[in-house]
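Worksheet: the structure to be examined is printed underneath.
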Amino acid sequence: MLFRRKSHDPVGTAGLPQPESGRAGVRSCPSLARALKRISNLAKPQIFILGPLCGSTAVFLANRGARVCVEDFQPPSPLPKTSPGDDDPPAVEPFGIDQPSDEFDLILGWEAIDFTPPDRLEEVVGEMKRLVRENGLILLFSRSASRARKSVQDIPGRFRVEAENRLSREPAGTETSTRWVHLTREIERVLKPFSVLGIHLQRDQTREILALRRPAK
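Sequential numbering from 67 applies to the sequence shown in the numbering used here.
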């Protein structure tokens with residue numbers, strides 16, 4: 067069952083399925099455990115999930131005292147190609163997320179950057195920076211390239227948090243999208259407004275990237 071929440075709507079627990087355990091494909095996620103531990107001292111941590119809603123994940127986090135907001139990720143299109151000397155380049159709608167600034171203590175961006183074209187990556191990360199509070203965290207997943215390919219077609223994932231340090235991924239529907247291959251150095255470049263606390267590589271070549279928004283000097 068899919069529960070869709072509009073922007074600014076916190077996710078409550080009424081009517082949502084309770085977390086399930088013992089699912090196939092459950093893996094450890096030390097970066098998630100680290101993120102949840104860092105915000106555990108907050109009275110009512112604000113968590114933003116950018117990606118397909120998993121009801122039991124929202125319940126899991128809400129049952130631990132968090133206020134949870136969810137918004138489906140609609141990746142921007144690649145920038146249109148222009149010719150040298152083009153005096154009238156096509157207009158490009160800037161990427162934006164309809165949430166207030168400095169609102170969240172933790173953003174679970176899941177695979178958002180993998181479905182973002184390279185020339186729009188800085189915009190997407192910039193929106194996360196706008197949304198997260200100073201000393202707040204973002205958690206991102208990105209799959210390393212097993213072969214020299216720039217992109218593949220894949221179904222975006224829905225992530226089910228089973229425990230503080232364990233989660234599973236399931237396909238979010240049947241429609242495929244372009245999954246872009248980003249080098250680690252490219253991700254680190256767009257994360258310059260943040261302090262990267264760690265990059266953990268899973269056996270399936272998924273990189274877990276945990277970063278903290280540095281306080282303004």
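We put the CB at the ideal spot given by N, CA and C, even for glycine.
{"Query": "Excluding five sequence neighbours on each side, which residues of the same chain lie with their C-beta closer than 7 Å to the C-beta of Ala238?", "Result": "Pro118, Ile221, Pro222, Gly223, Arg224"}
{"Query": "Would you tell me roughly how many angstroms separate the C-alpha atoms of Ser94 and Lys283, rounded to the nearest one?", "Result": "36 Å"}
{"Query": "How far does the beta strand (DSSP E) with Val125 in it extend, from its first residue to its last?", "Result": "Looking at the DSSP string, Val125 is not in any beta strand (DSSP E); the run it does join, the alpha helix (DSSP H), is 121–128."}
{"Query": "With Ser210 as the anchor, note down where its alpha helix (DSSP H) starts and where it stops.", "Result": "Run containing Ser210: none; DSSP gives neither H nor E here."}
{"Query": "Determine contact between the segment 264–274 and the segment 183–201, defined as no fewer than three beta-carbon pairs at a distance below 8 Å.", "Result": "no"}
{"Query": "Under a three-way DSSP split, which group does Leu278 fall into?", "Result": "strand"}
{"Query": "For Arg89, which residues of its own chain have a beta-carbon under 8 Å away from its beta-carbon, when the five flanking residues on both sides are left out?", "Result": "With a pLDDT of 47 at Arg89, under the threshold of 50, the modelled position of that residue is not reliable, and the figure given next carries that caveat. Excluding sequence neighbours, Arg89 sits near Arg226, Glu228, Ser234."}
{"Query": "Reducing DSSP to helix, strand and coil, say where Gly88 ends up.", "Result": "Summary for Gly88: the model assigns pLDDT 39, below 50, so the residue's position carries little reliability, and this model does not support an answer."}
{"Query": "Mind checking Leu276: buried by the 16 CB within 10 Å criterion, or exposed?", "Result": "buried"}
{"Query": "State the Cα-Cα distance for the pair Gln112 and Leu278, rounded to the nearest angstrom.", "Result": "15 Å"}
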